[in-house]
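In the working numbering, the protein residues as written are 449 to 602.
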Amino acid sequence: MPLRSDWSTATCPIARSADVLADPWVLLILREMFSGRTRFDQLRDATGAADSVLARRLASMTDAGLVAQDDPGYRLTDAGRETLPILHAYARFSRMIDPDGPWGLTVSCARCGEVAASSDWCARCSAPLDADSTRWARRSMGGEPFALTTGSAA
Ligand SMILES: [Zn+2]
């Protein structure tokens, strides 16, 4: 029995995207892949997912075209790379629902260094905040800014 409804044929684009993305494990796997963790063991250790949970999510993400296998791990496809502003929006939204909560992710523009005030564009230099022009600083990874990655060969 499926865990939830199937929205893969919905006419609403939000519902169709939710069918692929509205799973916390999927979002955490994407977060870790952009952070350079692309092998199964790295993704398991960083997300805390059980092997079976991670294997199912990676299979569904592969079927949905978000990731592809790329020895020795996985890489983000073009569609997977397009999820970056969604992750940024999630991070920004956490400030709305928990303004005093821990802030473990800082997003900045790689071109000018501005801390992002938007999910997808730099307010200072107007560069897109895509995987090639964005830096993250994660408290859980030492807090220093790093370039994003999109594949196991990177
Ligand atoms: Zn900038």
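All C-beta atoms, glycine included, are put in the ideal place defined by N, C-alpha and C.
Within the DSSP secondary-structure output, residue 594 pairs in a beta bridge with 584.
Remark: C-beta atoms of residue 597 and residue 532 do not approach each other more closely than 8 Å. At the C-beta level, residue 477 and residue 505 come within 8 Å of one another. Taking a cut-off of 8 Å on C-beta distances, the region 585-597 does not touch the region 537-549, as fewer than three cross pairs fall below it.
Just measuring C-alpha positions, the residue of 575, 482 and 461 sitting nearest residue 558 is 575.
In the three-state reduction of the DSSP assignment, residue 513 falls in the coil class, being assigned neither a helical nor a strand state. Taken through DSSP and simplified to helix, strand or coil, residue 464 comes out as helix.
The alpha carbon of residue 529 has as its nearest neighbour, out of 463, 514, 536 and 486, the alpha carbon of 514.
Judged by DSSP secondary structure, residue 532 falls within the alpha helix (DSSP H) whose first and last residues are 532-545. Secondary structure of residue 472 (DSSP, three-state): helix. Per DSSP, residue 572 lies in no beta strand (DSSP E) and is assigned neither H nor E. Judged by pairs of C-beta atoms under 8 Å, the region 555-574 does not touch the region 483-502, as fewer than three such pairs exist.
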